[in-house]
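Enquirer:
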Amino acid sequence: MAANAPVLTEELGEQLAVVRLNRPQRRNALDSEALALLNETLDELAGREALRAVVLSTTDVRALCAGADVAEALDEAG
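Just so you know, we're using the numbering used here here: the sequence shown kicks off at 35 and counts up by one.
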């Protein structure tokens with residue numbers, strides 16, 4: 035996955051994965067794209083029988099996650 039992706043995954047062997055939120059300019063606030071990618075990533079990791087732990091982390095020390103990205107313009111369904 036590209037280094038500028040909103041969610042990065044690092045696998046440390048078969049039993050451990052680190053999922054990092056990577057939107058430091060927004061203090062890791064989750065927009066639709068980041069939330070979809072995070073859900074996709076967690077679903078994929080959940081299917082791995084050998085995996086024992088997932089660590090949720092960040093690429094920036096200022097914030098783990100500021101919550102929903104309220105600056106994102108959403109349509110009626112959003």
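Virtual Cβ for every residue (Gly too), placed ideally from N, Cα, C.
1. What are the boundary residues of the alpha helix (DSSP H) that includes L69?
2. Between which two residues does the beta strand (DSSP E) holding V52 run?
3. Can you tell me which residues form a DSSP beta bridge with T92?
4. If L64 sits next to A36, beta carbons under 8 angstroms apart, how far is it from one beta carbon to the other, in whole angstroms?
5. Do L85 and L79 have their CB atoms nearer than 9 angstroms?
6. Would you give the residue range spanned by the beta strand (DSSP E) that V41 belongs to?
Expert: Considering the structure as presented:
1. Residues 66 to 80.
2. First-last of the beta strand (DSSP E) with V52: 50 to 55.
3. Note: T92 sits in a beta bridge opposite L55.
4. About 18 angstroms separates the Cβ atoms of L64 and A36, ruling out a contact at the 8 angstroms cut-off.
5. Against a cut-off of 9 angstroms, the Cβ pair of L79 and L85 comes out as a contact.
6. Here the beta strand (DSSP E) through V41 covers 41 to 45.
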